[in-house]
Amino acid sequence: MGDDFLYMLGVVAVGWAVTVGMRALPFLLFAGRRREIPPQVERFGALVSPVIIAALIVYSYSGLQWRTAWPYLAGALTVAVQLWKGSPLASIAAGTALYMCLVSCGCMTAESEMEYGMAHPLIRMTEKGMKFQDRYVTPQQAIKELERRRVPHDATIHILVDDENAYRRASLVFRGMLAKAGYARSVLITEKRASSSSPIQPEKRKDVGR
Amino acid sequence: MSQRSSPLAPRERRAVVRRAFFDSIPVLMGYTTMGFVAGVLLAARAGVSCATLWGLLTSAACVSGTYSFAIVQPVAERVPLAVIAAMVASVNFRYAFYGFTMLGRWKGVPFLKKAFLVHMLTDENFALEAACRYRAPSAHLLYCLSVSAMNFLYWVAGVTAGTFAVAVLQGAMDPDVLRSRTNGMEFAMVALFLVIFTDQMKGFLRNGR
Numbered sequence: 042m043g044d045d046f047l048y049m050l051g052v053v054a055v056g057w058a059v060t061v062g063m064r065a066l067p068f069l070l071f072a073g074r075r076r077e078i079p080p081q082v083e084r085f086g087a088l089v090s091p092v093i094i095a096a097l098i099v100y101s102y103s104g105l106q107w108r109t110a111w112p113y114l115a116g117a118l119t120v121a122v123q124l125w126k127g128s129p130l131a132s133i134a135a136g137t138a139l140y141m142c143l144v145s146c147g148c149m150t151a152e153s154e155m156e157y158g159m160a161h162p163l164i165r166m167t168e169k170g171m172k173f174q175d176r177y178v179t180p181q182q183a184i185k186e187l188e189r190r191r192v193p194h195d196a197t198i199h200i201l202v203d204d205e206n207a208y209r210r211a212s213l214v215f216r217g218m219l220a221k222a223g224y225a226r227s228v229l230i231t232e233k234r235a236s237s238s239s240p241i242q243p244e245k246r247k248d249v250g251r
Numbered sequence: 021m022s023q024r025s026s027p028l029a030p031r032e033r034r035a036v037v038r039r040a041f042f043d044s045i046p047v048l049m050g051y052t053t054m055g056f057v058a059g060v061l062l063a064a065r066a067g068v069s070c071a072t073l074w075g076l077l078t079s080a081a082c083v084s085g086t087y088s089f090a091i092v093q094p095v096a097e098r099v100p101l102a103v104i105a106a107m108v109a110s111v112n113f114r115y116a117f118y119g120f121t122m123l124g125r126w127k128g129v130p131f132l133k134k135a136f137l138v139h140m141l142t143d144e145n146f147a148l149e150a151a152c153r154y155r156a157p158s159a160h161l162l163y164c165l166s167v168s169a170m171n172f173l174y175w176v177a178g179v180t181a182g183t184f185a186v187a188v189l190q191g192a193m194d195p196d197v198l199r200s201r202t203n204g205m206e207f208a209m210v211a212l213f214l215v216i217f218t219d220q221m222k223g224f225l226r227n228g229r
């Protein structure tokens with residue numbers, strides 16, 4: 042709680058300092074002088090800010106499901122309404138409503154609904170190392186990915202292993218790490234059968250040690 | 021020095037404030053709605069405790085839609101503050117150019133009033149203030165201050181209400197269900213960028229000709 046409180050206070054302070062700093066910049070630069078703004082400055086601004094916003098649009102699209110046509114459809118509607126009506130509220134509402142409809146119709150998977158279950162295990166242990174979806178990761182990165190996707194702690198994490206016996210030790214260590222990160226329920230599955238094992242709980246093991 | 025116009029008569033003052041209020045009605049609808057969505061996202065996605073408090077503080081300290089939307093995901097991932105600073109700087113870079121237009125008109129305004137006007141120099145405020153037709157400095161200043169104060173209230177009320185609504189619902193609803201109900205709402209930020217970009221392009225083409 043304490044750490045979070047300070048962090049959020051930092052987010053507020055940083056946001057205020059940067060935003061108000063940007064807004065105050067011209068007033069600070071031309072504080073004492075006459076109001077003679079070099080025309081280059083204005084031209085620079087007129088050119089640079091759209092470029093930055095365009096970059097932001099590309100960047101935020103990369104967080105959506107950009108391989109499908111749907112996000113572009115919602116974006117096109119937003120721009121069309123803005124060109125037609127010129128009212129930001131109407132355009133944003135139209136685009137967002139369409140996007141939310143598309144998500145709820147199942148055209149796209151929302152990030153919070155990413156599947157991590159048995160049908161599509163996210164984590165796989167292979168000969169060459171651990172895979173998260175389709176890329177190789179370290180065990181620490183795999184846990185980070187789970188957290189980034191907001192996989193709930195009480196979800197059962199399915200780990201697909203090619204050969205159960207070969208990865209006995211590695212999987213035990215990894216499931217210990219998962220438990221430490223809060224994912225107490227994890228299950229090893231092989232292509233052939235699902236071997237459900239009891240949840241590992243490090244605290245309980247400590248008790249046994251005592 | 022800028023010429024001091026005679027102070028406004030009470031009737032004129034009322035007229036200016038009334039004008040400011042009517043001009044701010046579109047912003048009222050935009051800010052309360054967008055603020056509400058930003059607040060809902062902050063409370064439902066960012067994973068912070070006392071979301072209502074943070075809704076209030078972030079919206080009051082930083083009246084900027086792009087900021088409120090842009091921080092949700094990084095805060096959820098608890099990225100370092102330096103990264104947040106860089107990100108806010110890039111989304112809000114455009115503000116640095118609004119001041120140049122107002123520089124002349126706000127010459128000689130007392131420090132605190134000017135600080136508030138600068139604090140509130142949002143896209144919508146800038147649009148209203150730059151288009152304001154009052155020529156007399158005192159009327160113009162009163163208009164700018166009224167518009168700024170009203171829009172400030174709209175934005176803070178919108179965001180705080182959004183976070184508060186989620187806080188109330190979280191008591192009654194499963195957090196995962198709540199999160200899935202807001203699925204797709206994150207597109208509002210992309211849409212906001214698209215709207216800003218469209219308007220910039222419109223202005224660019226108009227001036228280029």
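Note that the protein sequences, when read in sequence, are chains A and B. Numbering-wise, the first sequence is residues 42 to 251 according to the working numbering. Numbering-wise, the second sequence is residues 21 to 229 according to the working numbering. Even glycine gets a Cβ: it sits at the ideal position worked out from N, Cα and C. The structure displayed is predicted, hence computed values, not measured ones.
Query raised in the report: Do you know offhand how far L118 (chain A)'s Cα is from A131 (chain A)'s?
Result: Translated into the one-based positions of the first sequence, residue 118 (chain A) becomes position 77. Translated into the one-based positions of the first sequence, residue 131 (chain A) becomes position 90. So the two alpha carbons sit approximately 11 angstroms from each other.
Query raised in the report: Just the Cα atoms here: how many angstroms apart are Q190 (chain B) and L198 (chain B)?
Result: One-based indexing of the second sequence puts residue 190 (chain B) at position 170. One-based indexing of the second sequence puts residue 198 (chain B) at position 178. About 7 angstroms.
Query - Contact with chain A by E97 (chain B), beta-carbon distance below 8 angstroms - result: Looking up residue 97 (chain B) in the second sequence gives position 77. Yes - at least one Cβ of chain A is within 8 angstroms of the one on E97 (chain B).
Query raised in the report: Mind pulling the chain B residues with CB within less than 8 angstroms of A95 (chain A)?
Result: The residue you call residue 95 (chain A) lines up with position 54 of the first sequence. For the C-beta of A95 (chain A), the chain B residues within less than 8 angstroms are, from N- to C-terminus, F217.
Query raised in the report: Is it the case that the Cβ atoms of V120 (chain A) and L214 (chain B) are separated by a distance below 8 angstroms?
Result: If you number the first sequence from 1, residue 120 (chain A) lands on position 79. If you number the second sequence from 1, residue 214 (chain B) lands on position 194. For V120 (chain A) and L214 (chain B), yes; Cβs fall inside 8 angstroms.
Query raised in the report: Shortest alpha-carbon distance to P100 (chain B) belongs to which of A:G51, A:Q174, A:A207?
Result: Looking up residue 100 (chain B) in the second sequence gives position 80. Ranking the options by Cα distance to P100 (chain B), first place goes to A:G51.
Requested in this report: Using a Cβ-Cβ cut-off of less than 7 angstroms, list which residues of the region 46-70 of chain A approach chain B; keep chain order.
Outcome: Y48, M49, G51, V52, V53, V55, G56, W57, V59, T60, V61, M63, R64, A65, L66, P67, F68
**Report entry** the region 147-157 of chain B in contact with the region 49-66 of chain B per 3-pair CB rule at 8 angstroms
**Finding:** The answer is no - the region 49-66 of chain B does not touch the region 147-157 of chain B, with fewer than three Cβ pairs under 8 angstroms.
**Report entry** Per-residue burial, R214 (chain A) [other beta carbons within 10 Å of its own, 16 or more giving buried]
**Finding:** Within the first sequence, the letter at position 173 stands for residue 214 (chain A). Checking the displayed sequence, the identity of residue 214 (chain A) turns out to be Val instead of Arg. Exposed: under 16 other Cβ atoms inside 10 Å.
Report task. Would you list, in sequence order, the uninterrupted beta strand (DSSP E) runs of no fewer than 3 residues that lie entirely inside the region 74-118 of chain A? Result -> Whole beta strand (DSSP E) segments, 3+ residues: zero.
Report task. Determine, using beta carbons only, whether V68 (chain B) and Y87 (chain B) come nearer to each other than 8 angstroms. Result -> Translated into the one-based positions of the second sequence, residue 68 (chain B) becomes position 48. Translated into the one-based positions of the second sequence, residue 87 (chain B) becomes position 67. Result no, Cβ atoms of V68 (chain B) and Y87 (chain B) do not sit closer than 8 angstroms.
Query raised in the report: Quick one: Cα of A220 (chain A) to Cα of Y51 (chain B), how far?
Result: What you label residue 220 (chain A) is simply residue 179 of the first sequence in a count that begins at 1. What you label residue 51 (chain B) is simply residue 31 of the second sequence in a count that begins at 1. Taking the straight line from one Cα to the other gives about 44 angstroms.
Report task. Have a look at D219 (chain B) and V122 (chain A) and give me their C-alpha separation to the nearest angstrom. Result -> Taking the first residue of the second sequence as 1, we reach residue 219 (chain B) at position 199. Taking the first residue of the first sequence as 1, we reach residue 122 (chain A) at position 81. So the two alpha carbons sit approximately 12 angstroms from each other.
Requested in this report: Would you verify that the beta carbon of N171 (chain B) is, or is not, closer than 8 angstroms to some beta carbon of chain A?
Outcome: Translated into the one-based positions of the second sequence, residue 171 (chain B) becomes position 151. For N171 (chain B), the answer is no, since every Cβ of chain A falls outside 8 angstroms of its Cβ.
Query raised in the report: What does C164 (chain B) touch in chain A if you count any residue whose Cβ is under 9 angstroms from its own?
Result: Here residue 164 (chain B) refers to the residue found at position 144 of the second sequence. The contacting residues do not exist; C164 (chain B) stays about 14 angstroms from chain A at best.
**Report entry** Neighbouring residues, chain B, relative to G116 (chain A) (Cβ below 9 angstroms)
**Finding:** Numbered from its first residue, the first sequence carries residue 116 (chain A) at position 75. Result: F207, V210, A211, L214.
Query raised in the report: Roughly how many whole angstroms lie between the Cα atoms of V83 (chain B) and G147 (chain A)?
Result: The residue labelled residue 83 (chain B) in the question sits at position 63 within the second sequence. The residue labelled residue 147 (chain A) in the question sits at position 106 within the first sequence. Each residue's Cα considered, the two are about 35 angstroms apart.
Requested in this report: Check G170 (chain A) in the structure and name its three-state DSSP category.
Outcome: The sequence position of residue 170 (chain A) within the first sequence is 129, counting from 1. DSSP places G170 (chain A) in strand when its eight states are reduced to three.
Report task. Anything in chain B within Cβ reach of S103 (chain A), meaning under 9 angstroms, just list it in chain order. Result -> Within the first sequence, residue 103 (chain A) is the residue found at index 62, counting from 1. Neighbourhood of S103 (chain A) in chain B, by CB distance below 9 angstroms: empty, with the nearest CB roughly 11 angstroms away.
**Report entry** Under the three-state DSSP convention, the category V111 (chain B) falls into
**Finding:** By 1-based counting over the second sequence, the position of residue 111 (chain B) is 91. Residue state, collapsed to three classes: helix.
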